[in-house]
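Chemist: 327 is the number that our numbering gives to position 34 of the sequence shown; each next residue is one higher, with no gaps.
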Amino acid sequence: LVFRSDKGYTMPWDGTYKGRMLPVDSYHYVINLNDGSKPVVGNVTIVR
294 LVFRSDKGYT MPWDGTYKGR MLPVDSYHYV INLNDGSKPV VGNVTIVR
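(1) Who are the Cβ neighbours of Val-334 in its own chain at under 8 Å, not counting the five residues just before and after it?
(2) Where does the unbroken beta strand (DSSP E) through Thr-367 begin, and where does it stop?
(3) Alpha carbon to alpha carbon, how far is Arg-341 from Val-317?
(4) Could you say which of Leu-315, Ser-330, Met-304 lies nearest to Thr-338 if we only look at CA atoms?
(5) From the DSSP output, read off the bridge partner residues of Arg-341.
Structure representation (C-alpha cells):
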C-alpha cells in the first residue's frame, strides 16, 4: 500500500527526526490512548 496525502497538512513530514534523515526501514508503533480501548498499532515504512 502506498499512501500519499496532499491535503490537511500545511507542512508534510520530510522523513527526518531531530534534524536527521531516518534510515530506510519499517517502524512499528503502539499508541495507548489510556481510555480502556485497545491500543492503536501499525507501521510506517520509509522508502526513498
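Virtual Cβ for every residue (Gly too), placed ideally from N, Cα, C.
Modeler: The short version:
(1) His-321, Tyr-322, Val-323, Ile-324
(2) Here the chain covers residues 294 to 341 and nothing more, so residue 367 does not appear.
(3) When rounded, the distance between both Cα atoms is 7 Å.
(4) Leu-315
(5) None; Arg-341 has no bridge partner.
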